[in-house]
Every structure is written in C-alpha cells, then in structure tokens.
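Structure first, commentary second.
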Amino acid sequence: MVRRIVACAGFIALFLLAPFAMADLYRVGPVDPANGYPRWYQDATGLALNLCVPNAAELSSGSCLIFAADLPNPSQPVRFPDNFLDEHFWYNLNTSVPTAAGKAKLVIGLEGAFPGPILAGTQISFGRVRIVIDVPPPGGTYTITHPYGVETFPNVAPGPRAIAFTEDIGLNCPVGDFTCALSSRVGPFLRASATPGGAALPPVVLPGGNTYLADPAVPTPITGSPFPNNNVFKIEGPNVGGPGIDLVQTTLFNLMGRVYTAPIPSKVVIDRATYSRDAGGAKIDLFAQTLPSIGSAQPNLSFAGANLPPTLMKASANGRNFYGQARLAQADSLPASIVVTNNADVPPSTFEANLVDEVRVTQADYDAETQVLTISASSSDALMNPALVAEGFGVLVGGTLTVQGLAAPPPFVRVVSAAGGRSRLQVSATRLDVVASANAQNDVAKTLENQPVVIDVRQNDTDAAALTVKLLGAPGHGSATVDSAGLVNYVPAPNYFGMDTFTYVLSGPAGSSDSNIATVNIEVMMVPIKPRAVADTASITLAEPAPTLVIDVLANDTAVNGTLDPASVKIVQQALSGTAVADPATGKIAFTPQAAGTAVFSYTVSDSTNTESDPATVSVAVAAAGTGAGPGPTGTIALSKATASTSTSKGVTTTKWVVEGTASPPSSAQSVSVSVFIGPTATGTPLGSATVDATGFWRLVTESPRGPDATRTVSAKSSTGAVREGFPIK
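Just so we're aligned, residue 226 is where the sequence shown starts under this note's numbering, counting upward by one.
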C-alpha cells in the first residue's frame with residue numbers, strides 16, 4: 226500500500242515511471258485535433274475513458290461536471306478555443322464527510338488544463354489527489370485512507386483547512402507530451418458497485434447518448450482500488466468526529482468518467498525479435514506482450530516479414546505474453562524487420578521491430594591482481610560473423626577482448642553487434658590474494674601544538690611488512706605524508722590543538738590491491754601561550770563628587786589560544802591614590818581617583834584555556850579641579866530649554882535668547898559656569914555664559930543680533946569640560 230508521511234500542507238510531488246512498466250494507468254491515446262488533448266487514457270484493466278467534452282444534453286445535466294453557464298458563451302456549443310473551459314476531465318472522483326470542525330473533502334481526478342490562457346499548443350494533463358480537512362482541537366496526527374493510498378499528517382494544529390494536501394503529477398511534462406500523468410497514483414479507474422469493493426456495476430448511458438461509469442450526480446459505493454479495503458475515504462485522528470470520536474468515514478462517492486467505446490488497438494510491445502543462422506538456414510524468435518481493452522477480443526498475434534509468411538504466435542495462460550518461431554531455408558533471405566499483427570483488433574493493428582542477431586556474452590572475468598578484464602562473446606549469425614564491440618573498451622577479435630590496466634572494472638560488460646543485437650554479462654572478479662591476510666588496525670598518536678610527529682602505522686598491522694601505506698585523504702587540521710620507510714609524518718596546522726584524523730590502507734605491488742581501511746586519530750595537545758595584556762593610559766579631572774573613569778583595557782589585548790575571558794580581568798596592584806574595580810561582564814575597569822597626579826595600577830587577564838597573562842599597567846593622569854591640567858572632561862551638563870524670538874525695531878533686528886539646563890553643581894573649592902554657543906558644536910558662535918547655582922541649575926537670557934543658524938540648534942560647555950551639543954531650538 227502507498228503510505229506517505231507528509232510534513233506540511235500543500236505538498237506537491239512528481240514521480241516518473243519507466244514506460245510500459247504495467248503502471249495502473251497504462252497508456253494514452255492520440256491527440257484530438259478538435260481540442261489538442263488526448264482522446265482517451267486507458268488503465269491496466271483495459272478500461273479507456275474519453276475526455277469529457279459535453280454536448281448540449283450533457284451541458285444541461287452536468288454529466289461532464291461542466292454546465293452551459295460555465296462557458297464564455299452559454300448559448301453556443303463547446304468549441305475550442307473561444308468557447309472552451311480551462312479545465313476538463315477524463316475522470317473524477319470526489320466525496321466529503323463532516324468533521325467536528327467542518328468537513329473533510331477528497332478530490333481525485335485525471336484532468337486537462339492550461340498553464341495560462343486557453344491557447345492552442347499549451348494543453349497539459351495531470352493526475353490529482355487533493356485532501357482538505359477542517360481539523361478540530363486539539364489537533365495532532367491524522368491518517369487519511371483513500372482508494373489510492375494512505376497519507377499521514379503529523380503534528381497538525383487545529384483550524385479550518387489545517388490539512389491542505391495536493392499532489393499533481395504531470396504538470397512538468399513538456400508541452401505536447403501527455404505521458405507524465407501515467408505516473409500519477411490515479412489508476413486504475415474505479416467503478417460503481419452495489420457494495421464497497423464488490424462486483425463492478427455495468428456502465429450507464431446518460432442524456433446525450435454517451436456511456437459513463439456512473440451518474441456523477443448520484444453518490445455510489447466504488448470498487449477497484451489497487452489496495453485491499455481502500456474503497457473508502459476515512460480520517461483517523463484526535464476528536465475528528467467530536468469529543469472522543471477519533472474516526473469518520475464514508476463509502477459513497479460521486480464518480481465521473483465517460484467510457485471510450487470506439488475500437489482501440491491493443492498495445493503490443495515487441496520484447497525481442499532475433500535471428501540465428503548458418504549455412505544450413507535461419508531461425509527467427511519473436512517475444513511480445515499485449516493487453517486487450519475492455520470489451521475487446523482476446524489478442525491473436527502473428528508475425529511476418531519480407532520473404533517470411535505470417536506465423537501464428539502462442540499465448541501464455543494469462544493471455545498477455547506471446548512467443549513465435551519461424552525458419553527459413555535460405556539463410557541469406559532474412560527480412561530487415563518483423564511486423565506483428567493483432568488479428569483480434571478491428572481493424573487489425575500492426576507493430577514493427579528491427580530483426581537483430583542474438584549476442585551471447587560468455588565471459589566477463591576481472592583479475593584484481595593483474596587488473597586485467599577478459600571479455601568473450603559470440604553472435605548467432607554464424608554466416609556473416611558481424612563485428613562485436615564491448616561498449617567502452619573496443620572491438621572483440623576472434624570473439625575475445627583483453628583490457629589491461631583496469632583499476633576499477635564496471636559491474637556489467639555490454640557487447641553490441643554490427644547486426645543490431647546486444648547483451649550484457651555481470652563481471653566476475655577474482656580474489657585479491659596479495660593482501661588477503663593483511664589487516665590494517667586503527668592507530669592513535671599524540672603531539673604538542675605546532676609540533677610534528679612521526680607515526681608508524683604498520684607497527685600494529687598484520688602481514689604488513691611487504692605492503693606500502695597509502696593515505697586516503699588529508700587530515701582536517703594539518704598535513705600527512707608517507708616517507709620511503711612507510712612512516713607517516715603528521716604536521717598539525719599552526720596554533721591548532723584538538724583532535725585530528727586521517728585514514729589509510731595497505732597496498733599491494735603497484736597498487737594492485739588494498740587492505741581494509743584503518744583510521745589514525747591524533748590528539749594535538751595545547752601548549753599554553755600567555756595572552757598579551759598591553760599597557761593603557763587615560764586621563765581625568767578631579768571633581769566633587771569624585772568622578773569615575775571607565776577604561777576598556779581589553780581593547781588592545783590579544784589571545785593566541787582561544788579568546789580573552791572578560792570575567793578573568795583581575796586587579797593585581799591598586800593605585801596609591803584611587804580605586805580600580807573590574808566589571809566581570811565586560812572586562813572594563815572603573816577607576817575612581819582620590820588625588821591629582823599620575824595614578825598607576827596593574828591587571829591581568831586570562832584566555833578561554835585559563836592561561837593568565839603577565840601584568841599590564843594602566844596610567845591615569847589625574848588633573849586637579851579647575852586647573853585644566855588634565856585633558857579629560859568631568860561632571861555633567863544638560864539642556865532643558867532653548868528658545869529664540871526674533872523682532873525688528875527701527876530697522877534693527879534682534880533675537881531674544883533663553884537657554885537653560887543643569888550641570889554638576891559647584892564645590893567649596895570651585896565655581897562652575899556654562900558657555901552657550903549657536904550651532905551644533907561647542908566650537909560655534911559664542912552666545913553668552915551663565916553661572917551654575919548650588920542646585921546645579923543655570924539659565925542664560927540675552928539679546929543678540931545673531932539669530933539661529935541653519936541647524937536651529939545650540940550647544941553648551943561647562944567649565945569642568947562637560948559638553949552638550951546640538952540641542953534643538955523651539
């Protein structure tokens with residue numbers, strides 16, 4: 226049974242089958258010039274269905290699933306391409322069943338369509354299996370059984386159309402090729418029945434005079450599924466039919482298929498048409514198979530050719546396989562081709578095949594030690610002795626060919642005759658005795674980082690002294706070479722440590738044969754290399770309260786083994802005046818000075834291999850408050866308001882400015898002032914200055930002939946060096 230696990234909705238699959246593999250859809254008929262589609266498709270039972278293009282009565286009844294109202298011009302008959310629909314059917318089967326969340330619907334069809342507008346030369350056909358299910362809570366895994374297989378949908382969330390599965394086979398066929406649909410799961414065609422899986426009911430004639438599998442408007446049980454007990458649409462899954470009801474199903478289907486009742490020639494496949502001859506005469510052997518259409522007579526095959534009268538063929542018990550033989554007294558009067566006639570068809574149908582000789586490949590022996598392939602073959606044509614060629618190797622002389630220096634033989638040898646015959650034989654290889662007793666054992670080795678190592682891989686191998694070491698590939702983290710003594714020289718990649726591996730075999734003379742494959746595992750041990758901590762400098766100006774300077778000391782540090790570990794930063798010596806604290810999350814050091822001058826402290830850092838660096842110093846230039854000796858700013862500054870009102874009086878334009886904000890308040894030893902500048906930087910046009918009061922508030926009110934610049938911003942800078950730039954003017 227076809228069982229598929231479908232991971233997602235909307236799954237589309239394409240499958241190809243070999244021609245005449247006795248698939249459930251057997252063959253496709255000739256193209257109807259009236260609409261560009263095949264007249265019929267035939268299944269493996271012999272039933273053929275016609276493309277259902279409706280006549281007037283069928284448009285009225287909907288027998289073809291098409292109504293007059295569907296047409297571009299409902300008052301006119303169906304005509305390609307101007308009064309034609311974009312979808313027609315050879316076969317359609319559909320049904321539905323209620324679920325706790327709505328319904329489950331099944332659509333199966335063999336359809337004709339167009340990839341775009343209705344244009345001649347763009348016709349396509351495909352087989353469709355579509356399942357759409359409204360899934361109730363809680364969802365889960367659902368199994369759907371239908372006439373052409375079983376689908377399983379795991380982990381389905383509940384909801385409308387939560388399962389939406391479509392499989393269309395044939396859409397990718399080249400334009401004009403309608404054979405891809407034969408590979409779909411739609412087949413054999415199902416028949417109406419009184420009970421599911423019972424005997425097929427006879428077809429019915431519907432209004433319009435055509436014969437149908439059933440009336441598509443009347444639900445019916447069906448029969449003919451290629452799987453036992455699958456003449457049903459069944460859904461199994463959590464609460465699909467309501468709380469505690471995990472199964473819903475139906476055995477009633479709407480079935481549409483218009484039976485093709487005109488005579489169809491039975492398809493005949495000529496499997497073999499061969500001859501043998503010598504000076505005494507000739508013999509012809511013919512093998513064929515066929516399948517009659519439903520309602521057609523049992524095939525009756527005969528074959529004939531030039532100088533060859535008709536010969537009746539014998540049928541097998543199942544009536545599908547046929548064999549016939551004929552003899553000719555004159556060996557030189559063979560026909561070039563053979564024509565097979567099915568005399569039971571009305572009118573009789575004929576099929577032709579070239580007559581070829583029989584090729585017998587009697588030897589395809591490969592000597593694995595000497596790497597020699599010997600091929601022997603003969604033709605059944607002893608009169609003409611046609612040339613024989615081993616494909617890929619050359620012409621046989623006297624029926625034999627020897628191929629030297631062949632390291633890897635093919636699995637089969639194919640020999641082709643100049644008279645058309647061909648055959649193949651499986652290659653038989655001799656045993657490799659040179660290394661039959663040799664056994665390569667796995668090896669382990671150790672070395673230090675950046676340190677080569679020599680490995681004697683043969684020291685634990687069996688019967689290896691006379692054999693050579695052949696490496697099968699490079700290690701992943703280094704290089705390996707074999708020296709003249711058979712030793713492997715392994716060199717790890719620079720600064721790499723960890724595991725590495727390579728494989729080798731023991732090889733016979735000139736590489737004629739190899740032992741089993743052995744693996745060498747090398748542990749490259751780390752040589753601890755200290756990370757490098759580099760000295761840092763910084764500067765700060767004293768203020769009250771005492772400022773804190775954050776220094777990214779790891780920015781210029783490096784690690785050879787692994788990476789730097791921020792949490793490992795450690796203060797190993799504090800400054801004489803000040804405190805340094807490392808942040809384990811970032812590795813940055815916060816330094817708070819206590820007096821002016823140069824404060825020096827030191828730290829170490831470790832890498833991810835837990836190797837610690839040497840101490841590195843950090844020098845901080847600490848300037849006294851208000852001296853400007855230190856280059857770094859201290860304190861804070863912020864702007865909360867900036868307005869500029871421009872007015873003109875007696876031809877003079879002035880702007881009233883109001884700028885205010887906060888800054889670090891003054892201390893007992895230092896007053897603090899704020900300078901305001903027009904523009905986005907603290908180097909713009911000066912506007913004025915204000916004194917910071919004891920609460921940290923400052924305010925500048927002034928009139929100036931200068932108004933805002935194009936950026937309409939102001940900037941401020943405190944006497945402690947703090948800066949706020951680009952504050953917008955309201």
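The C-beta atom is built at its ideal place from N, Cα and C for all residues, glycine as well.
**Message:** Three Cβ pairs or more, each shorter than 8 Å: is that satisfied between the segment 487-505 and the segment 462-478?
**Reply:** no
**Prompt:** Are there three or more Cβ pairs, one per stretch, closer than 8 Å when the segment 339-359 is compared with the segment 382-395?
**Reply:** yes
**Asked** Between the segment 839-850 and the segment 810-825, do at least 3 Cβ pairs fall closer than 8 Å?
**Response** yes
**Asked** In its own chain, which residues sit with a C-beta less than 7 Å from the C-beta of L697, not counting the 5 before and 5 after it?
**Response** Within the sequence shown, the letter at position 472 stands for residue 697. Around L697: T728, Y729, V730, I742.
**Where N205 sits in the DSSP three-state scheme** = Since the displayed the chain opens at 226 and closes at 955, residue 205 lies outside it and no answer follows.
**Message:** Here's the rule: buried if 16 or more other CB atoms are within 10 angstroms of the residue's CB, otherwise exposed. What is Q550?
**Reply:** The residue given as residue 550 occupies position 325 in the sequence shown. The residue is exposed, with fewer than 16 neighbouring Cβ atoms inside 10 Å.
**Message:** Within a Cβ cutoff of 6 Å, which residues of the same chain sit near D686, ignoring the five residues on either side of it in sequence?
**Reply:** The count along the sequence shown starts at 1 and reaches residue 686 at position 461. Once the five neighbours on either side are set aside, the close Cβ partners of D686 are A665, Q666.
**Request:** Could you tell me whether the Cβ atoms of V457 and P421 are closer together than 8 Å?
**Result:** For the purposes of this step, residue 457 is taken as the residue at position 232 of the sequence shown. For the purposes of this step, residue 421 is taken as the residue at position 196 of the sequence shown. In contact: V457 and P421 (Cβ atoms closer than 8 Å).
**Asked** Looking at L272 and D257, is the spacing between their C-beta atoms short of 8 Å?
**Response** Taking the sequence shown and counting its residues from 1, one reaches residue 257 at position 32. Taking the sequence shown and counting its residues from 1, one reaches residue 272 at position 47. For D257 and L272, no; Cβs fall outside 8 Å.
**Item:** V678, DSSP secondary structure in three states
**Value:** Along the sequence shown, one-based indexing puts residue 678 at 453. Three-state result, V678: strand.
**Request:** Kindly indicate which three-state DSSP category N685 falls into: helix, strand or coil?
**Result:** As a first step, residue 685 is located in the sequence shown; it is residue number 460 there, counting from the start. Three-state DSSP puts N685 in a helix.
**Item:** Residue of T880, S518, T834 minimising C-alpha distance to S793
**Value:** Here residue 793 corresponds to residue number 568 of the sequence shown, with the count starting at 1. Checking every option, the nearest Cα to that of S793 belongs to T834.
**Request:** Kindly indicate which three-state DSSP category T582 falls into: helix, strand or coil?
**Result:** If you number the sequence shown from 1, residue 582 lands on position 357. One point to set straight first is that residue 582 is Asp, not Thr, in the sequence displayed. DSSP places D582 in strand when its eight states are reduced to three.
**Prompt:** Where do the N-terminal and C-terminal ends of the alpha helix (DSSP H) with A281 fall, by residue?
**Reply:** The residue given as residue 281 occupies position 56 in the sequence shown. Per DSSP, A281 belongs to the alpha helix (DSSP H) from 281-286.
**Message:** Taking the straight line between their C-alpha atoms, what separation do you get for F902 and G876?
**Reply:** What you label residue 902 is simply residue 677 of the sequence shown in a count that begins at 1. What you label residue 876 is simply residue 651 of the sequence shown in a count that begins at 1. If I take the Cα positions, the gap works out to 26 Å.
**E376, enclosing beta strand (DSSP E) - first and last residue** = As a working note, residue 376 is residue 151 in the sequence shown. Run containing E376: 374-381, per the beta strand (DSSP E) assignment.
**Asked** Would you report the Cα separation of T595 and T499, rounded to the nearest angstrom?
**Response** Reading the sequence shown from its first residue, position 370 is the one you call residue 595. Reading the sequence shown from its first residue, position 274 is the one you call residue 499. Looking at the two C-alpha atoms, the distance is approximately 37 Å.
**Message:** I'd like to confirm the pairing. Which residues does DSSP put opposite A807 in its beta bridges?
**Reply:** Against the sequence shown, residue 807 aligns to sequence position 582. A807 pairs with I814.
**Asked** Going along the chain, which unbroken runs of the beta strand (DSSP E) with 3 or more residues stay wholly within the segment 773-800?
**Response** 774-776, 789-798
**Request:** For D590, name the three-state secondary structure that DSSP assigns.
**Result:** Residue mapping note: residue 590 aligns to position 365 of the sequence shown, counting from 1. Strand, per DSSP.
**Asked** Taking the alpha-carbon positions, what's the G365 to N319 distance?
**Response** Residue numbering aside, residue 365 sits at position 140 when the sequence shown is read from its first letter. Residue numbering aside, residue 319 sits at position 94 when the sequence shown is read from its first letter. Distance between the alpha carbons of G365 and N319 is about 25 Å.
**Item:** Supposed contact pair I954 and T879 - C-beta distance, whole angstroms, cut 8 Å
**Value:** Numbered from its first residue, the sequence shown carries residue 879 at position 654. Numbered from its first residue, the sequence shown carries residue 954 at position 729. With 8 Å as the limit, T879 and I954 do not qualify as a contact, their Cβ atoms being about 16 Å apart.
**Request:** Give me the Cβ distance between A540 and F547, rounded to the nearest whole Å; I'm assuming they're in contact under 8 Å.
**Result:** Here residue 540 is taken as the residue at index 315 of the sequence shown, counted from 1. Here residue 547 is taken as the residue at index 322 of the sequence shown, counted from 1. Sure, about 5 Å apart at Cβ, within 8 Å.
**Message:** Let me confirm a value: G449 is counted as buried when at least 16 other C-beta atoms fall within 10 Å, else exposed. Which label applies?
**Reply:** Counting from 1 along the sequence shown, the entry for residue 449 is found at position 224. G449 should be labelled buried.
**Asked** Can you check whether the CB of W923 is closer than 8 Å to the CB of G995?
**Response** The chain is shown only over 226 to 955; residue 995 falls outside these bounds and no answer can be derived.
**Request:** Could you tell me how far apart the beta carbons of G646 and D582 are, in whole angstroms, since I believe they sit closer than 8 Å?
**Result:** Stepping through the sequence shown from its first residue, residue 646 is reached at position 421. Stepping through the sequence shown from its first residue, residue 582 is reached at position 357. G646 to D582, Cβ: 4 Å. Contact.
**For N546, the first and last residue of its enclosing beta strand (DSSP E)** = Sequence index remark: in the sequence shown, residue 546 carries index 321 (1-based). Segment 546-553, the beta strand (DSSP E) holding N546.
**Asked** For A935, does the count of other Cβ atoms within 10 angstroms reach 16, so buried, or fall short, so exposed?
**Response** Looking up residue 935 in the sequence shown gives position 710. Its Cβ having fewer than 16 others within 10 Å, A935 is exposed.
**Item:** Helix, strand or coil at S870 [DSSP, three-state]
**Value:** If you number the sequence shown from 1, residue 870 lands on position 645. In the structure shown, S870 sits in a strand (DSSP, three-state: E or B).
**Asked** So does the segment 295-315 actually touch the segment 325-332, counting three or more Cβ pairs closer than 8 Å?
**Response** no
**Asked** Touch check for the segment 589-603 and the segment 551-570: three-plus C-beta pairs under 8 Å?
**Response** no
**Request:** Could you pull out every residue in the same chain whose Cβ sits closer than 6 Å to the Cβ of S870, ignoring the five residues on either side in sequence?
**Result:** Numbered from 1 along the sequence shown, position 645 holds the residue referred to as residue 870. Here the set comprises K881.
**Prompt:** What do you get for A419, buried or exposed, if any count of 16 or more other CB atoms within 10 angstroms of its CB means buried?
**Reply:** As a working mapping, residue 419 is identified with position 194 in the sequence shown. With fewer than 16 Cβ atoms within 10 Å of its Cβ, A419 is classed as exposed.
**Request:** Verify whether the separation of the beta carbon atoms of A293 and S285 is less than 8 Å.
**Result:** Locating residue 293 in the sequence shown gives position 68, where the first residue counts as 1. Locating residue 285 in the sequence shown gives position 60, where the first residue counts as 1. Yes; because the gap between Cβ atoms is below 8 Å, this pair is in contact.
**Request:** Alpha carbon to alpha carbon, how far is A689 from E748? Give it in angstroms, no decimals.
**Result:** Here residue 748 refers to the residue found at position 523 of the sequence shown. Here residue 689 refers to the residue found at position 464 of the sequence shown. Cα to Cα, E748 sits roughly 25 Å from A689.
**Asked** The beta strand (DSSP E) with E885 in it runs from where to where?
**Response** Here residue 885 refers to the residue found at position 660 when the sequence shown is read from its first residue. That run of the beta strand (DSSP E) goes 877-888.
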